[in-house]
Amino acid sequence: MMPLLAAETISDYLTDEWGWTHVAALASAAMVHVALLGAFFGLPAFAGIWAERKVSGRIQDRLGPTRTGGRFGWLQSLADGIKLLQKEDLWPNAADSMLFRVAPYIVVIASFTAFLFLPFSDNWVAMSLDVGLFLALAILSLEVLGIILAGYSSGSKWSLFGGMREAAQMVSYEVPLGITAVIPVLIAGSMNLNEIGRMQSGWFWNWFIFRDPFTMLAFFVFFTVTLASNKRAPFDLAEAESELVGGFHTEYSGFRWSLFFLAEYASMYFVSALGVILFLGGWWTGIAPIDDFFRTNDSWVVNYLGNVLGFAVLLIKSSKLVFLQIWIRWTLPRLRIDQVMTTCLKYLVPISCFLFLGATAHSVMLPGKSFFFIDSGLGNRAAEAAVIAEPAQSESEVSVAHPKDADSRLALTANSTVSEEEH
492 MMPLLAAETI SDYLTDEWGW THVAALASAA MVHVALLGAF FGLPAFAGIW AERKVSGRIQ
552 DRLGPTRTGG RFGWLQSLAD GIKLLQKEDL WPNAADSMLF RVAPYIVVIA SFTAFLFLPF
612 SDNWVAMSLD VGLFLALAIL SLEVLGIILA GYSSGSKWSL FGGMREAAQM VSYEVPLGIT
672 AVIPVLIAGS MNLNEIGRMQ SGWFWNWFIF RDPFTMLAFF VFFTVTLASN KRAPFDLAEA
732 ESELVGGFHT EYSGFRWSLF FLAEYASMYF VSALGVILFL GGWWTGIAPI DDFFRTNDSW
792 VVNYLGNVLG FAVLLIKSSK LVFLQIWIRW TLPRLRIDQV MTTCLKYLVP ISCFLFLGAT
852 AHSVMLPGKS FFFIDSGLGN RAAEAAVIAE PAQSESEVSV AHPKDADSRL ALTANSTVSE
912 EEH
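In this text, residue positions in the sequence shown follow my numbering: the first is 492, and each later residue adds one.
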């Protein structure tokens with residue numbers, strides 16, 4: 492489990508050492524957790540916004556932020572956040588006030604809750620579940636409900652069109668997303684993201700993207716589908732400025748408007764980290780001696796340093812995919828809505844089904860073989876995991892379960908003793 496400060500530990504300390512009441516201690520512990528989670532998930536979002544500004548500036552032959560926070564504009568995102576907090580929160584008269592206010596929070600909660608099932612390193616995960624991948628994708632798909640509510644409750648036809656487009660796009664692209672995500676599950680034999688990541692330890696050719704040509708193409712299909720699920724160009728039809736003014740968030744302003752973008756960049760990092768865990772080796776460096784040293788060492792200091800290294804590796808890999816998403820946005824033109832749906836239903840769905848069948852056939856005909864036709868050790872690691880999972884039987888249980896074997900062993904021992912005495 493991820494070594495976070497437990498709320499009970501903080502509340503017990505405040506109650507015993509400082510004499511606080513139980514309710515006040517629990518409230519303070521909850522505030523500490525909210526602050527930690529806000530810093531943990533807010534910093535990547537601010538970093539993503541800053542990176543998008545700098546990358547877009549370079550692509551457009553500009554410098555981007557250069558004043559706030561030094562010559563590189565490190566604090567520009569923080570300054571924009573403070574500015575948005577100071578803005579007046581407005582909503583149109585024709586809007587459904589309750590749904591209009593709740594919709595941004597649904598989007599943010601769905602984006603951040605998916606991180607609970609994402610392992611940041613070998614032992615750093617909030618909730619390690621056997622159906623972690625399924626729950627992560629299911630909760631992330633709830634984001635579209637907030638977008639539909641935002642478009643419906645705004646009382647504007649532009650917002651309504653944006654919400655309808657996002658609903659149609661998400662329903663269509665969830666199919667190839669699920670099919671390509673099942674391919675690593677098929678190889679690893681588990682939907683637990685920790686187990687999928689551990690199956691890719693060792694050298695880099697153990698990564699699932701190098702296992703066979705089908706998984707390599709499946710990664711590119713998965714990455715393309717995640718662009719559409721995150722409403723990133725060229726699939727950003729839900730908020731097309733040239734057609735729908737601002738799409739589903741046209742009528743939003745101030746803090747609630749910023750929540751949509753915070754959720755968007757959080758989702759970018761989530762799908763990038765998910766793609767890294769499923770196909771690109773997760774938190775492993777791809778160098779077997781380094782990974783084996785941290786994986787097999789029993790020292791808690793070495794294990795902690797290994798988790799820190801794994802988190803850094805996962806963050807670097809995910810940041811590269813985020814950079815690729817930003818690069819694609821500022822390079823490719825926006826597609827039409829009919830082109831977006833045609834790309835999914837006529838091309839991506841059949842291709843993903845073909846890749847699934849091909850990966851299945853490769854796993855059956857060449858089990859444990861990577862794309863380089865080197866024994867990846869996948870079967871050995873799966874067997875080791877199965878042995879560890881099985882409860883060990885004691886000697887008494889073995890003797891009770893097999894009484895004849897126990898009697899034969901006693902007879903052999905007695906015969907050997909008699910022969911030694913005669914000799």
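Just so it is clear, CB atoms sit at the ideal spot from N, CA and C, and this is done for glycine as well.
How far does the alpha helix (DSSP H) with residue i in it extend, from its first residue to its last?
i	result
leucine 771	Taken as a continuous stretch (DSSP letters only), leucine 771 belongs to no alpha helix (DSSP H), as it is neither H nor E.
lysine 808	791-820
glycine 669	648-679
methionine 856	840-856
glycine 510	It is not in any alpha helix (DSSP H) - glycine 510 carries neither H nor E in the DSSP assignment.
leucine 631	623-632
glycine 688	684-689
valine 616	Here valine 616 belongs to no alpha helix (DSSP H), and DSSP marks it neither H nor E.
proline 824	Here proline 824 belongs to no alpha helix (DSSP H), and DSSP marks it neither H nor E.
arginine 786	779-787
Find the nearest neighbour of residue i within the set the options, judged by alpha-carbon distance.
i	options	result
isoleucine 638	Phe752, Asp503, Ala515 and Leu765	Phe752
serine 763	Arg747, Leu805, Leu800 and Ser644	Leu805
phenylalanine 608	Val712, Ile687, Ser644 and Val514	Ile687
phenylalanine 784	Leu800, Gly773 and Leu771	Leu800
serine 588	Ser663, Ser619 and Gly642	Gly642
histidine 435	Phe847, Ser650, Val593 and Arg544	What the structure shows of the chain is the stretch from 492 to 914, and residue 435 is not part of that stretch, so it cannot be assessed.
valine 673	Pro858, Met832, Phe625 and Trp694	Phe625
phenylalanine 847	Leu823, Ala709 and Trp582	Ala709
Which residues in the same chain as residue i place their Cβ atom closer than 7 Å to its Cβ, once the five residues preceding and following it in sequence are excluded?
i	result
valine 889	In this prediction, valine 889 scores a pLDDT of 36, lower than 50, which makes its location untrustworthy; the coordinate-derived value is nonetheless stated afterwards. Answer for valine 889: no residue qualifies.
alanine 586	Ser644, Ser645, Gly646 and Glu742
threonine 604	Ile630
alanine 658	Val635 and Ile639
tyrosine 756	Ala536, Gly539 and Ile540
glycine 737	Glu730
glycine 745	Leu575, Lys578, Glu579 and Asp580
glycine 510	none
Here's a check: name, in chain order, each residue in its chain whose Cβ is nearer than 6 Å to the Cβ of residue i, leaving out the five neighbours to either side.
i	result
serine 692	Trp775 and Asp782
arginine 723	Gln816 and Arg820
alanine 627	Ala605 and Phe608
asparagine 683	Asp621 and Gly623
serine 612	Trp774, Asn798, Gly801 and Phe802
By Cβ distance below 8 Å, which residues in the same chain neighbour residue i in space, the five residues on each side in sequence not counted?
i	result
isoleucine 678	Met690, Phe699, Arg702, Thr706, Ala850, Ser854 and Leu869
valine 813	Gly539, Ala542, Met759, Tyr760 and Ser763
glutamine 551	Trp821
glutamate 508	none
Hey, would you say the C-beta of residue i is under 7 Å away from at least one heavy atom of the ligand COA?
i	result
threonine 506	In the structure on display, the ligand COA does not appear, and there are no ligands present to speak of.
Subject >> Segments of 4+ residues assigned as alpha helix (DSSP H) that fall wholly inside the stretch 693-766 >> reply: 704-720 and 732-735
**OP:** Would you mind listing the alpha helix (DSSP H) stretches within the stretch 561-593 that are 4+ residues and don't spill past its ends, in chain order?
**Re:** 567-577
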